[in-house]
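In the numbering used here, the protein residues as written are 985 to 1377.
We put the beta carbon where it would ideally sit given N, CA and C, even for glycine.
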(Lines of atoms letter the chains of each structure in order from A and count residues from 1; the text may use other names and numbers.)
(Lines give C-alpha, C1' and ligand atoms only; values in the text may rest on other atoms or scores of the structure.)
Protein backbone atom coordinates (compact mmCIF):
# COMPACT_ATOMS: atom_id res chain seq x y z
CA UNK A 1 0.00 0.00 0.00
CA UNK A 2 1.15 3.53 -0.77
CA UNK A 3 -0.09 7.05 -0.03
CA UNK A 4 0.65 10.10 -2.14
CA UNK A 5 0.97 13.34 -0.15
CA UNK A 6 2.21 16.84 -0.82
CA UNK A 7 3.94 18.14 2.30
CA UNK A 8 4.72 21.76 3.16
CA UNK A 9 7.93 22.62 5.01
CA UNK A 10 7.26 24.88 8.01
CA UNK A 11 10.56 26.70 7.50
CA UNK A 12 10.43 27.72 3.83
CA UNK A 13 6.71 27.00 3.24
CA UNK A 14 7.41 25.20 -0.02
CA UNK A 15 5.93 21.87 -1.08
CA UNK A 16 7.45 18.44 -1.68
CA UNK A 17 5.57 15.53 -3.24
CA UNK A 18 5.92 12.26 -1.32
CA UNK A 19 4.92 8.71 -2.11
CA UNK A 20 5.00 6.79 1.18
CA UNK A 21 5.19 3.02 0.97
CA UNK A 22 3.83 1.12 3.96
CA UNK A 23 6.07 -1.11 6.05
CA UNK A 24 4.71 -3.90 8.27
CA UNK A 25 5.88 -2.09 11.42
CA UNK A 26 3.05 -0.57 13.47
CA UNK A 27 4.79 2.77 14.07
CA UNK A 28 6.91 4.04 11.19
CA UNK A 29 8.94 7.20 11.90
CA UNK A 30 10.22 8.73 8.65
CA UNK A 31 12.25 11.81 7.82
CA UNK A 32 13.99 13.56 4.96
CA UNK A 33 15.64 16.88 4.23
CA UNK A 34 13.48 19.52 2.57
CA UNK A 35 14.75 19.73 -1.04
CA UNK A 36 14.20 23.51 -0.98
CA UNK A 37 15.92 24.64 2.24
CA UNK A 38 17.50 21.51 3.75
CA UNK A 39 15.43 21.56 6.96
CA UNK A 40 14.47 18.25 8.55
CA UNK A 41 10.86 17.19 7.92
CA UNK A 42 9.43 14.32 9.96
CA UNK A 43 6.42 12.14 9.21
CA UNK A 44 5.20 9.29 11.42
CA UNK A 45 2.91 6.67 9.92
CA UNK A 46 0.77 4.71 12.39
CA UNK A 47 -0.87 1.49 11.16
CA UNK A 48 -1.60 0.06 14.61
CA UNK A 49 -5.30 0.00 13.70
CA UNK A 50 -4.85 -1.34 10.17
CA UNK A 51 -6.37 -1.19 7.64
CA UNK A 52 -6.85 2.34 8.96
CA UNK A 53 -3.73 4.52 9.02
CA UNK A 54 -2.80 7.83 10.61
CA UNK A 55 -0.10 10.40 9.90
CA UNK A 56 1.61 12.79 12.30
CA UNK A 57 3.86 15.62 11.16
CA UNK A 58 6.71 17.59 12.70
CA UNK A 59 8.33 20.65 11.07
CA UNK A 60 5.95 20.14 8.15
CA UNK A 61 2.24 19.71 7.44
CA UNK A 62 -0.02 18.40 4.65
CA UNK A 63 -0.08 20.88 1.81
CA UNK A 64 -3.26 22.81 1.17
CA UNK A 65 -2.74 21.95 -2.48
CA UNK A 66 -3.11 18.17 -2.39
CA UNK A 67 -3.09 16.66 -5.90
CA UNK A 68 -6.35 15.30 -7.23
CA UNK A 69 -4.47 13.57 -10.03
CA UNK A 70 -0.97 12.01 -10.07
CA UNK A 71 1.82 14.44 -9.23
CA UNK A 72 2.45 16.86 -12.10
CA UNK A 73 6.19 17.29 -11.50
CA UNK A 74 6.05 20.92 -10.36
CA UNK A 75 7.39 20.00 -6.91
CA UNK A 76 10.45 17.93 -5.94
CA UNK A 77 9.55 14.27 -5.41
CA UNK A 78 10.68 11.65 -2.89
CA UNK A 79 9.89 7.94 -2.48
CA UNK A 80 9.80 7.02 1.24
CA UNK A 81 9.71 3.58 2.84
CA UNK A 82 10.93 2.56 6.30
CA UNK A 83 12.45 -0.67 5.00
CA UNK A 84 14.05 0.62 1.80
CA UNK A 85 16.44 3.39 0.76
CA UNK A 86 15.09 6.92 0.16
CA UNK A 87 14.74 7.79 -3.52
CA UNK A 88 14.63 11.32 -4.92
CA UNK A 89 14.01 12.25 -8.55
CA UNK A 90 11.17 12.40 -11.02
CA UNK A 91 7.74 11.05 -10.13
CA UNK A 92 6.73 8.09 -12.28
CA UNK A 93 3.27 6.63 -11.73
CA UNK A 94 3.45 3.04 -10.51
CA UNK A 95 7.16 3.18 -9.69
CA UNK A 96 6.56 2.64 -5.96
CA UNK A 97 9.38 2.08 -3.42
CA UNK A 98 8.68 -1.65 -3.66
CA UNK A 99 8.90 -1.70 -7.47
CA UNK A 100 12.13 0.33 -7.40
CA UNK A 101 13.56 -2.14 -4.89
CA UNK A 102 12.62 -5.04 -7.16
CA UNK A 103 14.36 -3.36 -10.09
CA UNK A 104 17.52 -2.97 -8.00
CA UNK A 105 17.45 -6.66 -7.11
CA UNK A 106 17.13 -7.71 -10.74
CA UNK A 107 20.47 -8.75 -12.14
CA UNK A 108 20.52 -9.08 -15.96
CA UNK A 109 23.33 -11.61 -15.60
CA UNK A 110 21.25 -13.85 -13.33
CA UNK A 111 19.97 -16.89 -15.23
CA UNK A 112 17.21 -17.38 -12.63
CA UNK A 113 14.25 -15.09 -13.47
CA UNK A 114 12.73 -15.66 -10.03
CA UNK A 115 15.85 -14.61 -8.08
CA UNK A 116 14.67 -11.03 -7.40
CA UNK A 117 11.28 -12.24 -6.17
CA UNK A 118 12.91 -14.69 -3.77
CA UNK A 119 15.21 -11.95 -2.47
CA UNK A 120 12.36 -9.54 -1.74
CA UNK A 121 10.34 -12.32 -0.09
CA UNK A 122 13.38 -13.15 2.03
CA UNK A 123 13.62 -9.47 2.99
CA UNK A 124 9.94 -9.38 4.00
CA UNK A 125 10.40 -12.54 6.06
CA UNK A 126 13.36 -11.04 7.92
CA UNK A 127 11.40 -7.85 8.61
CA UNK A 128 8.54 -9.86 10.12
CA UNK A 129 11.07 -11.60 12.34
CA UNK A 130 12.66 -8.26 13.21
CA UNK A 131 9.27 -6.89 14.27
CA UNK A 132 8.61 -9.93 16.44
CA UNK A 133 11.96 -10.07 18.21
CA UNK A 134 12.40 -6.30 18.58
CA UNK A 135 9.28 -6.24 20.74
CA UNK A 136 10.95 -8.84 22.99
CA UNK A 137 14.36 -7.14 23.15
CA UNK A 138 14.26 -6.63 26.94
CA UNK A 139 13.39 -10.28 27.54
CA UNK A 140 16.18 -11.40 25.20
CA UNK A 141 18.68 -9.27 27.11
CA UNK A 142 17.48 -10.69 30.43
CA UNK A 143 17.83 -14.31 29.31
CA UNK A 144 21.31 -13.79 27.89
CA UNK A 145 22.27 -12.11 31.16
CA UNK A 146 21.10 -15.18 33.08
CA UNK A 147 23.57 -17.35 31.16
CA UNK A 148 26.52 -15.52 32.71
CA UNK A 149 24.92 -15.69 36.17
CA UNK A 150 25.16 -18.47 38.74
CA UNK A 151 21.65 -19.92 38.40
CA UNK A 152 22.00 -21.98 35.24
CA UNK A 153 18.79 -23.90 35.94
CA UNK A 154 16.83 -20.63 35.89
CA UNK A 155 18.54 -19.76 32.61
CA UNK A 156 17.49 -23.08 31.05
CA UNK A 157 13.93 -22.66 32.31
CA UNK A 158 13.68 -19.17 30.81
CA UNK A 159 15.06 -20.43 27.49
CA UNK A 160 12.56 -23.30 27.52
CA UNK A 161 9.66 -20.94 28.21
CA UNK A 162 10.78 -18.56 25.44
CA UNK A 163 11.32 -21.31 22.86
CA UNK A 164 8.35 -23.33 24.12
CA UNK A 165 10.68 -26.31 24.22
CA UNK A 166 11.72 -28.12 27.39
CA UNK A 167 15.48 -27.80 27.99
CA UNK A 168 15.71 -30.49 30.68
CA UNK A 169 17.51 -30.14 34.02
CA UNK A 170 21.06 -31.16 33.12
CA UNK A 171 23.63 -28.56 34.17
CA UNK A 172 26.52 -30.09 32.27
CA UNK A 173 28.38 -27.29 30.48
CA UNK A 174 27.64 -28.79 27.07
CA UNK A 175 23.90 -28.94 27.84
CA UNK A 176 23.79 -25.38 29.17
CA UNK A 177 25.66 -24.21 26.09
CA UNK A 178 23.27 -26.15 23.86
CA UNK A 179 20.39 -24.16 25.38
CA UNK A 180 22.30 -20.92 24.85
CA UNK A 181 22.98 -21.52 21.18
CA UNK A 182 19.45 -22.75 20.50
CA UNK A 183 18.23 -19.48 21.98
CA UNK A 184 20.71 -17.22 20.18
CA UNK A 185 20.11 -18.93 16.82
CA UNK A 186 16.37 -18.48 17.22
CA UNK A 187 16.18 -14.87 18.39
CA UNK A 188 18.64 -13.66 15.74
CA UNK A 189 16.91 -15.31 12.81
CA UNK A 190 16.74 -12.00 10.86
CA UNK A 191 20.53 -11.89 10.67
CA UNK A 192 21.25 -15.55 9.94
CA UNK A 193 21.88 -17.11 6.54
CA UNK A 194 21.43 -20.77 7.37
CA UNK A 195 23.20 -22.11 4.30
CA UNK A 196 26.28 -20.05 5.16
CA UNK A 197 26.14 -21.12 8.80
CA UNK A 198 25.79 -24.78 7.87
CA UNK A 199 28.74 -24.50 5.49
CA UNK A 200 30.91 -22.93 8.19
CA UNK A 201 29.90 -25.45 10.88
CA UNK A 202 30.40 -28.47 8.64
CA UNK A 203 33.68 -27.13 7.31
CA UNK A 204 35.01 -26.32 10.76
CA UNK A 205 33.96 -29.71 12.12
CA UNK A 206 35.72 -31.52 9.29
CA UNK A 207 38.80 -29.36 9.74
CA UNK A 208 39.15 -29.87 13.50
CA UNK A 209 38.78 -33.64 13.19
CA UNK A 210 42.02 -33.56 11.19
CA UNK A 211 43.81 -31.27 13.68
CA UNK A 212 43.95 -33.73 16.56
CA UNK A 213 47.70 -33.64 17.20
CA UNK A 214 49.64 -32.00 20.03
CA UNK A 215 49.88 -28.50 18.45
CA UNK A 216 46.09 -28.25 18.25
CA UNK A 217 45.61 -29.73 21.74
CA UNK A 218 48.10 -27.24 23.17
CA UNK A 219 46.33 -24.38 21.38
CA UNK A 220 42.92 -25.36 22.78
CA UNK A 221 44.38 -25.85 26.26
CA UNK A 222 45.95 -22.39 26.12
CA UNK A 223 42.83 -20.46 25.05
CA UNK A 224 40.71 -22.30 27.63
CA UNK A 225 43.08 -22.18 30.64
CA UNK A 226 43.97 -18.53 30.04
CA UNK A 227 40.29 -17.55 30.16
CA UNK A 228 40.50 -16.09 26.65
CA UNK A 229 37.73 -18.25 25.19
CA UNK A 230 35.31 -17.56 28.05
CA UNK A 231 35.99 -13.80 27.95
CA UNK A 232 35.50 -13.73 24.19
CA UNK A 233 32.19 -15.55 24.46
CA UNK A 234 31.04 -13.11 27.14
CA UNK A 235 31.93 -10.12 24.96
CA UNK A 236 30.03 -11.63 22.04
CA UNK A 237 26.96 -12.15 24.21
CA UNK A 238 27.04 -8.51 25.32
CA UNK A 239 26.65 -7.42 21.71
CA UNK A 240 23.67 -9.59 20.79
CA UNK A 241 20.98 -7.67 22.75
CA UNK A 242 22.30 -4.30 21.55
CA UNK A 243 21.65 -5.23 17.93
CA UNK A 244 17.91 -4.83 18.45
CA UNK A 245 18.51 -1.34 19.78
CA UNK A 246 19.57 -0.46 16.23
CA UNK A 247 16.42 -1.89 14.68
CA UNK A 248 15.44 1.19 12.63
CA UNK A 249 18.54 1.53 10.43
CA UNK A 250 18.83 -2.25 10.37
CA UNK A 251 15.65 -2.48 8.30
CA UNK A 252 16.98 -0.91 5.07
CA UNK A 253 20.42 -2.34 5.88
CA UNK A 254 18.97 -5.85 5.61
CA UNK A 255 17.73 -4.92 2.14
CA UNK A 256 21.11 -3.48 1.20
CA UNK A 257 22.58 -6.84 2.17
CA UNK A 258 20.86 -8.23 -0.94
CA UNK A 259 22.11 -5.72 -3.50
CA UNK A 260 25.35 -4.01 -4.42
CA UNK A 261 23.54 -0.82 -5.49
CA UNK A 262 23.87 0.98 -2.18
CA UNK A 263 26.75 3.43 -2.54
CA UNK A 264 24.53 6.52 -2.25
CA UNK A 265 21.63 4.98 -0.37
CA UNK A 266 20.01 6.78 2.54
CA UNK A 267 17.65 5.43 5.15
CA UNK A 268 14.13 6.84 5.54
CA UNK A 269 14.06 6.03 9.26
CA UNK A 270 14.19 9.04 11.54
CA UNK A 271 17.60 8.76 13.19
CA UNK A 272 18.64 11.44 15.67
CA UNK A 273 22.19 12.38 16.57
CA UNK A 274 21.62 10.71 19.93
CA UNK A 275 20.50 7.50 18.20
CA UNK A 276 23.53 7.54 15.96
CA UNK A 277 25.92 7.68 18.91
CA UNK A 278 24.64 4.31 20.09
CA UNK A 279 24.79 2.85 16.57
CA UNK A 280 28.39 3.85 16.00
CA UNK A 281 29.37 2.48 19.41
CA UNK A 282 27.72 -0.82 18.48
CA UNK A 283 29.69 -0.94 15.23
CA UNK A 284 32.93 -0.25 17.09
CA UNK A 285 32.18 -3.00 19.61
CA UNK A 286 31.39 -5.51 16.86
CA UNK A 287 34.63 -4.78 15.03
CA UNK A 288 36.66 -5.03 18.24
CA UNK A 289 35.15 -8.41 19.10
CA UNK A 290 35.70 -9.58 15.53
CA UNK A 291 39.35 -8.52 15.76
CA UNK A 292 39.76 -10.68 18.88
CA UNK A 293 38.05 -13.61 17.18
CA UNK A 294 40.79 -13.47 14.56
CA UNK A 295 43.14 -14.85 17.21
CA UNK A 296 41.30 -18.17 16.98
CA UNK A 297 41.47 -18.12 13.19
CA UNK A 298 45.16 -17.21 13.19
CA UNK A 299 46.10 -19.93 15.68
CA UNK A 300 44.46 -22.65 13.62
CA UNK A 301 45.87 -21.22 10.38
CA UNK A 302 49.39 -21.28 11.82
CA UNK A 303 48.99 -24.92 12.86
CA UNK A 304 47.85 -25.86 9.36
CA UNK A 305 50.63 -23.93 7.61
CA UNK A 306 53.59 -24.23 10.00
CA UNK A 307 52.70 -26.76 12.71
CA UNK A 308 52.47 -24.29 15.62
CA UNK A 309 49.78 -21.82 16.68
CA UNK A 310 52.50 -19.22 17.41
CA UNK A 311 54.29 -19.54 14.06
CA UNK A 312 53.38 -16.69 11.69
CA UNK A 313 54.42 -15.92 8.14
CA UNK A 314 56.99 -13.20 7.57
CA UNK A 315 55.38 -9.81 6.87
CA UNK A 316 57.45 -6.74 6.02
CA UNK A 317 60.73 -8.47 6.77
CA UNK A 318 59.74 -9.87 10.16
CA UNK A 319 57.52 -12.51 11.75
CA UNK A 320 55.50 -12.38 14.95
CA UNK A 321 56.75 -14.58 17.75
CA UNK A 322 53.40 -15.45 19.34
CA UNK A 323 49.62 -15.09 19.28
CA UNK A 324 50.02 -12.60 22.11
CA UNK A 325 52.01 -10.34 19.76
CA UNK A 326 49.35 -10.88 17.09
CA UNK A 327 46.60 -9.82 19.51
CA UNK A 328 48.18 -6.38 19.94
CA UNK A 329 48.08 -5.65 16.19
CA UNK A 330 45.43 -3.47 14.55
CA UNK A 331 42.64 -5.17 12.64
CA UNK A 332 44.10 -4.30 9.24
CA UNK A 333 47.52 -5.61 10.29
CA UNK A 334 46.04 -8.82 11.66
CA UNK A 335 44.50 -9.60 8.29
CA UNK A 336 47.97 -9.41 6.69
CA UNK A 337 49.18 -12.35 8.79
CA UNK A 338 46.37 -14.70 7.71
CA UNK A 339 48.21 -16.19 4.72
CA UNK A 340 46.04 -18.26 2.36
CA UNK A 341 43.69 -18.64 5.30
CA UNK A 342 41.39 -21.60 5.83
CA UNK A 343 38.67 -19.11 6.82
CA UNK A 344 37.91 -16.73 3.96
CA UNK A 345 36.81 -13.31 5.19
CA UNK A 346 34.80 -10.83 3.13
CA UNK A 347 36.97 -7.77 3.68
CA UNK A 348 34.33 -5.50 2.13
CA UNK A 349 32.17 -6.20 5.18
CA UNK A 350 34.84 -4.82 7.49
CA UNK A 351 35.95 -1.21 7.24
CA UNK A 352 38.85 -0.52 9.60
CA UNK A 353 38.83 3.16 8.58
CA UNK A 354 35.31 3.54 9.96
CA UNK A 355 36.27 1.77 13.17
CA UNK A 356 39.33 4.00 13.62
CA UNK A 357 37.37 7.16 12.91
CA UNK A 358 34.75 6.13 15.46
CA UNK A 359 37.35 5.10 18.04
CA UNK A 360 39.02 8.51 17.80
CA UNK A 361 35.67 10.34 17.93
CA UNK A 362 36.35 11.61 14.43
CA UNK A 363 32.88 11.04 12.94
CA UNK A 364 30.31 13.80 12.61
CA UNK A 365 26.71 12.86 11.86
CA UNK A 366 24.12 15.08 10.19
CA UNK A 367 20.64 13.92 11.18
CA UNK A 368 19.08 15.96 8.37
CA UNK A 369 20.98 14.33 5.52
CA UNK A 370 21.87 11.09 7.38
CA UNK A 371 25.41 11.74 6.23
CA UNK A 372 28.70 11.18 8.04
CA UNK A 373 32.05 12.77 7.44
CA UNK A 374 34.01 10.24 5.40
CA UNK A 375 31.83 7.18 6.00
CA UNK A 376 28.42 5.84 5.00
CA UNK A 377 25.61 5.11 7.43
CA UNK A 378 24.66 2.04 5.41
CA UNK A 379 28.12 0.60 6.03
CA UNK A 380 27.89 1.15 9.79
CA UNK A 381 24.48 -0.48 9.95
CA UNK A 382 25.37 -3.37 7.69
CA UNK A 383 26.69 -5.54 10.51
CA UNK A 384 24.98 -8.58 9.11
CA UNK A 385 27.61 -8.54 6.38
CA UNK A 386 30.19 -9.68 8.93
CA UNK A 387 28.91 -13.21 8.51
CA UNK A 388 30.10 -13.26 4.88
CA UNK A 389 32.83 -15.80 5.55
CA UNK A 390 33.56 -19.29 4.33
CA UNK A 391 35.61 -22.24 5.51
CA UNK A 392 37.97 -23.83 3.04
CA UNK A 393 38.47 -27.54 3.67
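Fully enclosed alpha helix (DSSP H) runs of no fewer than 4 residues occupy 1157-1171, 1178-1194, 1198-1209, 1212-1227, 1231-1240 of the region 1155-1241, in order along the chain. The way I'd put it, the region 1262-1277 does touch the region 1218-1226; three or more beta-carbon pairs between them come closer than 8 Å. A check of alpha carbon separations from residue 1229 across 1052, 1187, 1117, 1022 identifies 1117 as the nearest.
Residue 1208 is classed as exposed because its beta carbon has fewer than 16 other beta carbons within 10 Å across all chains shown. The beta carbon of residue 1008 sits closer than 7 Å to the beta carbons of 1111, 1112, 1115 from its chain, once the five residues preceding and following it are set aside; these are given in chain order. Separation of the CB atoms of residue 1071 and residue 1059 is rounded to 15 Å, and the pair is thereby denied contact status at 8 Å. The DSSP-derived three-state label of residue 1003 is strand.
Residue 1041 and residue 1067 have their alpha carbons spaced roughly 19 Å apart. Around residue 1223, the same chain offers 1266, 1269, 1270, 1273 as residues with beta carbons nearer than 8 Å, after the five sequence neighbours per side are excluded. DSSP places residue 1055 in the coil class of the three-state scheme, outside both helix and strand. Residue 1001 holds the alpha-carbon nearest to the alpha-carbon of residue 1027 among 1001, 1034, 1279. Boundaries of the alpha helix (DSSP H) around residue 1124: 1121-1131. When rounded, the separation of the alpha-carbon atoms in residue 1092 and residue 1086 is 12 Å. Rounded to the nearest whole angstrom, the C-alpha separation of residue 1011 and residue 1293 is 51 Å. Counting only runs of 4 or more residues that sit fully inside the region 1276-1322, the alpha helix (DSSP H) segments are 1307-1311, 1315-1320, in chain order. Per DSSP, reduced to three states, the secondary structure at residue 1078 is coil, with no helix or strand assignment. Contact check for residue 1143 and residue 1163: beta-carbon distance about 5 Å, within the 8 Å limit, so the pair qualifies. The C-beta of residue 1296 has 16 or more other C-beta atoms within 10 Å across all chains shown, which makes the residue buried. A residue is called buried once 16 or more other Cβ atoms fall within 10 Å of its Cβ, and residue 1065 is buried on that count.
Between the region 1282-1290 and the region 1182-1200 there are three or more inter-stretch CB-CB distances shorter than 8 Å, so the stretches are counted as touching.
Within the same chain, Cβ atoms closer than 6 Å to the Cβ of residue 1136 are found at 1155, 1160, the five residues on either side in sequence being excluded. Per DSSP, reduced to three states, the secondary structure at residue 1110 is helical. The Cβ neighbour count for residue 1157, taken over all protein chains shown within 10 Å, is under 16; the residue is labelled exposed.
For the pair residue 1283 and residue 1307, the CB atoms are nearer than the 7 Å cut-off. Contact between residue 986 and residue 1080 holds, with the beta-carbon distance rounding to 5 Å and staying under 8 Å.
In this chain, the alpha helix (DSSP H) harbouring residue 1145 covers 1136-1147.
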